[in-house]
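Protein chains in written order, with my numbering: chain A, 2 to 327; chain B, 148 to 679; chain C, -4 to 315.
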């Protein structure tokens, strides 16, 4: 158990080092950082001075070491656009993204599980077919189209929900939350649904398949033979058994949700990390791009590690067979 | 005016302000397409940034609703001799941190604005001396007369010497700063609003300054500024009442905004002139298939390009009627255009001119264009690409965000363009600025700043002589005649292709009353909002 | 040909491998295809889209990529059946006088081209790496699969955006339309290879211990030949499923990149670019500029997804 956890942790560190190399190469080689920083009539001597002050004359390996060292302390340099430390910018916007991602995941899980259970239990009802169709549309309509449609319908035509931003936020320490104000909650609805739709589809399909599978097992047949009510069988036994994989998938997908927030945040002008990243790509702001990559990887790797460890705790069989299909 | 009387007047004004101000004060939410990146007032010379900072900082002078220069931190001024300007400062003014405003701050700001890293160095001539006479009198001693010294000062904001020294902010924050500075994250002005919180690119909150020396014309308690880059989202936010003021409204949405029950669009002519330029300086174009020579050096080719562009069609289709085709490189508000006619659109003549110049089969060239700076900029460029295609000039369009566009085509980037579109509002609101900055010869050893924004590299010594005469001529009718001659000369040379003055369009909630200024600076200290 | 010298038992298998797919098409696959009306419609629609894209230049009223053919005079005309409609602009025109129908057909061409090339590239990379990893095993396998693990945790859109940003930074904004197309293909190709690699590696691991591979090795066939001619055909089914589903994903990715402004430029718009342009005119009541490209994109992805779903079920023996 300990050996397994250790191996996973070492792997996670390996991944982070790989990402660090990529981020560093972007920072160092994709476009000369000096050229990006200066602009207004800077002389060659000044450029050389800046080059020196940034340590760009040192051997690459030294520079890489410094970059990783700084990154480990969450120092990613200064944004070319904002002239502010990238870390501050990212930290300022992280609550917005995390809150959106969490709300989207909760929405996806609740509606996905409900729709999945229903369509497993009532396979041939018309509503189950509707859910099937919704799930297909959920993966076929690009996120940005869904966002545009929702804004047009609910903000512009009906005027029910805000079309952009987070509404009023409350500061709790360095964290900001929109969950405590009415306008903040209203602002969360459309972006969460837009972002969660894809995951909802995924979870619904998974729950449906798992439920159908579990319902066929002996275990349920025994439960039925014991004379338990249908309700108790469905929800007490069948559903409970499907929840483990569902939560695992939702956990593993959380990283994707954060990354897909890039699109949702752009459509709804949500002031999160994703919007910052898109603007950075458009303005070739390499420090932000590199830092975002590192930050998101860290989140991914941490989640994967936690899921791995939890998994082995929940399911002892896995302790021996390490490889887990993703 | 004695100290006592002015104090009394100030107190009276304060009492009156209390008496007339509405019972409740309001929060105004404002969205602009651009972000407020740095709070240091000397970092970026760009009108939107200057407008934002104009709510917290003030200059010695300001521009009124009609753009006339009016007194601000300087109560009055005189020119005892042509090279000496004397400014009498307003007394009893306090910075937001409580420091009193004195002559020391003016002297400090004059040094800081001219220091290395400032983007506003041209506000005060480099060789001018700024001398403190007493706490409330400052002299500006020039080496040569300058009748329009204060023309650029409405956006030269005065900073607090003591505060800057205490916070290591004596040096201006350069736009290329590698480390953030205190002054770029904090403000300490004298203006009507105080920045309460500033999240660059997300939100900035301005709280009213209760100790402002002027009587407020607004009834706001705070302004919440949010950048919304996406035009559709910006309009949606206005229509659904989430924001009260937006700038700009995309031209295609003006009708819709006007038709909506809770908002309207304020439109008017803007002073900015949009024009097209052709590189006529290089011996070979940077981006073209013509090698060994530069087709744009041939005046016939320049005329052909001019005549191939149908500005009226651009006005009707791309600008939806909201532009004023222009024969001049300045707006009619800056110089009357009645004596000038725009050469007629004539594609057949254009083809013939090209053939005469030896380009009957046309040629290929790359056009640079911003896509987030001017009204429908990329769409105008696309339309021009189509029009030039019809006279066989195959244009490859490179439309990019303004940051990269400017970095490439402006002076620091080495004027790397062969064909481009640019917009220009003379900060001085005077033609001389255009004659000097845009149409003057580059690389003038006597005047290195001449032709600084002359991306086309147009150069005619005779023209420069006229421009120099304009600078020192104080008789306005003679001056106008010189300006007219200069413009005529440049038109004969087919130096530039002025397209139009774009319309400015602000979206304003029906609850808000607001003054629109033709320089497109949104000044919310003239806004009143109905009670909610 | 090499089959001639391969011992009898192996010859049968090897010969059967390429034929298996065709046989499946003749029998099971085709049968299940005929049974599902939805699938038939989806296949029809997909085929139609491909044909429309291929024959775009014949079917279009104008070439929307040629600025000389765009008449600003004809801008913002509403669809033909509305009061202000004008022939020949069936679905109306946009701001530049671009015929929306022609723009969709040409945009479809871009979207499908990027999608198909992206899928081919990612398939090639994935198959190559999967074969290498599975066949050689050991350290090579470990390295490739670790890279796959890392990459799998990053969504394709993020990787594609990064590649795009780096390309922009390296080449500046000098990228013309065709090189932008190449960047997109490259970005998508590098984002989607993992699934192929894993699948191929899996079946290589199964197949490589079988007798026929041992026999082929014994007679001295080089490794690449064994892998490509004998092992690979066994994975055709799963690869086809992945390719179909990835085609839909690649098209969405391209559209999303273009929508975010990091894809095809406005002078050579793909469906995503058209939607981004049209989005700006939605409030002005000029809905057709965004609605039809959006509809076309959704229909295209939906039908490919339906095909992919069916293919997966049809090739999965468990579900038969």
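We put the CB at the ideal spot given by N, CA and C, even for glycine.
Chain B contact for residue i (CB, 8 Å cutoff)
{"i": "residue 163 of chain A", "result": "yes"}
{"i": "residue 91 of chain C", "result": "yes"}
{"i": "residue 262 of chain C", "result": "yes"}
{"i": "residue 11 of chain C", "result": "For residue 11 of chain C, the pLDDT reaches just 44, beneath the cut-off of 50, and the residue's location in the model is therefore unreliable, although a value from the coordinates is still provided. Cβ-Cβ to chain B under 8 Å: no for residue 11 of chain C."}
{"i": "residue 278 of chain C", "result": "yes"}
{"i": "residue 171 of chain A", "result": "no"}
{"i": "residue 157 of chain A", "result": "yes"}
{"i": "residue 222 of chain C", "result": "no"}
{"i": "residue 71 of chain A", "result": "no"}
Reference residue i, options the options, closest by Cα
{"i": "residue 271 of chain A", "options": "A:87, A:112, A:289 and A:164", "result": "A:164"}
{"i": "residue 575 of chain B", "options": "B:338, B:418, B:292 and B:264", "result": "B:418"}
{"i": "residue 427 of chain B", "options": "B:351, B:582, B:609 and B:644", "result": "B:644"}
{"i": "residue 106 of chain A", "options": "A:197, A:280 and A:71", "result": "A:197"}
{"i": "residue 654 of chain B", "options": "B:359, B:450, B:405 and B:202", "result": "B:405"}
{"i": "residue 136 of chain C", "options": "C:192, C:255 and C:28", "result": "C:192"}
{"i": "residue 565 of chain B", "options": "B:581, B:513, B:675 and B:476", "result": "B:513"}
{"i": "residue 477 of chain B", "options": "B:524, B:416, B:496 and B:453", "result": "B:416"}
{"i": "residue 40 of chain C", "options": "C:304, C:79, C:299 and C:208", "result": "C:299"}
{"i": "residue 557 of chain B", "options": "B:587, B:524, B:603 and B:535", "result": "B:603"}
Residue i burial status per 10 Å Cβ neighbour count (16 or more: buried)
{"i": "residue 82 of chain A", "result": "buried"}
{"i": "residue 407 of chain B", "result": "buried"}
{"i": "residue 546 of chain B", "result": "buried"}
{"i": "residue 243 of chain B", "result": "buried"}
{"i": "residue 625 of chain B", "result": "exposed"}
{"i": "residue 641 of chain B", "result": "buried"}
{"i": "residue 229 of chain C", "result": "buried"}
{"i": "residue 670 of chain B", "result": "buried"}
{"i": "residue 375 of chain B", "result": "buried"}
{"i": "residue 309 of chain C", "result": "buried"}
{"i": "residue 42 of chain A", "result": "Reliability fails at residue 42 of chain A, whose pLDDT of 42 lies under 50, so the model's placement of it is uncertain and the value that follows must be treated cautiously. Exposed: under 16 other Cβ atoms inside 10 Å."}
{"i": "residue 73 of chain A", "result": "exposed"}
{"i": "residue 232 of chain A", "result": "exposed"}
Cutoff 8 Å: residue i Cβ touching any chain A Cβ
{"i": "residue 126 of chain C", "result": "no"}
{"i": "residue -2 of chain C", "result": "For residue -2 of chain C, the pLDDT reaches just 38, beneath the cut-off of 50, and the residue's location in the model is therefore unreliable, although a value from the coordinates is still provided. Residue -2 of chain C does not count as touching chain A."}
{"i": "residue 315 of chain C", "result": "With a pLDDT of only 43 at residue 315 of chain C, under 50, the local geometry of the prediction cannot be trusted, and no value is derived from it."}
{"i": "residue 293 of chain C", "result": "yes"}
{"i": "residue 150 of chain C", "result": "yes"}
Residue i at chain C interface by Cβ criterion, 8 Å
{"i": "residue 543 of chain B", "result": "yes"}
{"i": "residue 525 of chain B", "result": "yes"}
{"i": "residue 659 of chain B", "result": "no"}
{"i": "residue 180 of chain B", "result": "no"}
{"i": "residue 278 of chain B", "result": "no"}
{"i": "residue 19 of chain A", "result": "yes"}
{"i": "residue 111 of chain A", "result": "no"}
{"i": "residue 403 of chain B", "result": "yes"}
{"i": "residue 664 of chain B", "result": "no"}
{"i": "residue 537 of chain B", "result": "yes"}
{"i": "residue 408 of chain B", "result": "no"}
Exercise. Where are the alpha helix (DSSP H) runs, 4 residues long or more, that stay fully inside the stretch 156 to 198 of chain C, in chain order?
Worked result: Annotation: the stretch 156 to 198 of chain C contains the following complete segments of the alpha helix (DSSP H) (minimum length 4 residues), in chain order: 172 to 186.
Exercise. Could you give the uninterrupted runs of the alpha helix (DSSP H) lying entirely in the stretch 510 to 543 of chain B, keeping only those of 4 residues or more?
Worked result: For the stretch 510 to 543 of chain B, whole alpha helix (DSSP H) runs of length 4 or above, ordered along the chain, are 524 to 536.
Exercise. Which ranges does the beta strand (DSSP E) cover as unbroken runs of at least 3 residues, wholly within the stretch 67 to 138 of chain C, from first to last along the chain?
Worked result: Those beta strand (DSSP E) runs which fall completely within the stretch 67 to 138 of chain C and span 3+ residues do not exist here.
For this session: Indicate whether the contact test is met: 3 or more Cβ pairs, each with one atom in the stretch 77 to 90 of chain C and one in the stretch 198 to 215 of chain C, closer than 8 Å.
Result: With a cut-off of 8 Å, the stretch 198 to 215 of chain C and the stretch 77 to 90 of chain C do not count as touching, because too few Cβ pairs lie within range.
Problem set entry | Every unbroken beta strand (DSSP E) within the stretch 94 to 120 of chain A, with a cutoff of 3 residues, ordered by chain | Runs of the beta strand (DSSP E) inside the stretch 94 to 120 of chain A: none found.
For this session: Go through the stretch 561 to 644 of chain B residue by residue and report every complete run of the beta strand (DSSP E) that reaches 3 residues or more, in order.
Result: Segments of the beta strand (DSSP E) lying fully in the stretch 561 to 644 of chain B: 566 to 571.
Problem set entry | Whole alpha helix (DSSP H) elements within the stretch 347 to 423 of chain B, 4-residue minimum | Fully contained in the stretch 347 to 423 of chain B are the following alpha helix (DSSP H) runs of length 4 or more, in chain order: 378 to 386 and 401 to 406.
Problem set entry | Given 8 Å, three or more beta-carbon pairs between the stretch 53 to 73 of chain A and the stretch 251 to 268 of chain A | Taking 8 Å as the limit for Cβ pairs, the verdict is that the stretch 251 to 268 of chain A does not touch the stretch 53 to 73 of chain A.
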